[in-house]
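See structure below.
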Amino acid sequence: MTINLYIILAALCWVHFTGIPQRFKWAFKKRSIKPFDCELCLSFWGVMANELYHGEVIYLAVLKGLTAGLIASLLFHILRLIKIL
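Residue numbers (the working numbering): 68 to 152.
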C-alpha cells in the first residue's frame with residue numbers, strides 16, 4: 068500500500084513539478100504524450116503494473132489502479148485550490 072502512495076506522489080511530481088513532459092511536448096510538437104503527461108494516467112498504469120508484478124489478481128489490480136488515478140486527480144485539484152500548482 069505504501070509503495071502505491073509513492074507512485075502517486077511520483078506521478079504528480081513528474082507531471083507538474085519537473086517540467087520534463089512539457090519539454091517533450093514542445094520538442095516534438097505534440098499536444099499530448101499520454102500517459103507521461105497526465106497524473107491520472109501515469110498513476111493508474113504505475114499502480115496497476117506494480118500490483119500485477121506483485122501477483123495481484125487482474126481485476127483487483129485494475130481497481131487499485133483506478134483508485135490511484137482518483138487519488139492523484141483529487142490531490143491535483145486540492146493543490147490547485149490552495150494555489151500550490
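Heads up, the beta-carbon is just placed ideally off N, CA and C, and yes, glycines get one too.
Could you pull out every residue in the same chain whose Cβ sits closer than 6 Å to the Cβ of Leu-119, ignoring the five residues on either side in sequence? Position 52 of the sequence shown holds residue 119. Closer than 6 Å at Cβ, skipping near neighbours: Ala-128.
To the nearest angstrom, how far is the alpha carbon of Val-124 from that of Ile-149? Residue 124 sits at position 57 when you count from the first residue of the sequence shown. Residue 149 sits at position 82 when you count from the first residue of the sequence shown. Approximately 37 Å, taken between the alpha carbons.
Range covered by the alpha helix (DSSP H) that runs through Glu-118: Walking along the sequence shown from the start, residue 118 turns up at place 51. If you look at Glu-118, you'll find it in the alpha helix (DSSP H) that goes 106 to 120.
Endpoints, the alpha helix (DSSP H) within which Pro-88 is located: The count along the sequence shown starts at 1 and reaches residue 88 at position 21. Pro-88 -> alpha helix (DSSP H) spans 87 to 95.
Can you say whether Trp-112 is buried or exposed, counting buried as having 16 or more other CB atoms within 10 angstroms of its CB? Within the sequence shown, numbered from 1, the residue matching residue 112 stands at position 45. Of the other Cβ atoms in all chains shown, 16 or more fall within 10 Å of the Cβ of Trp-112; this residue is therefore buried.
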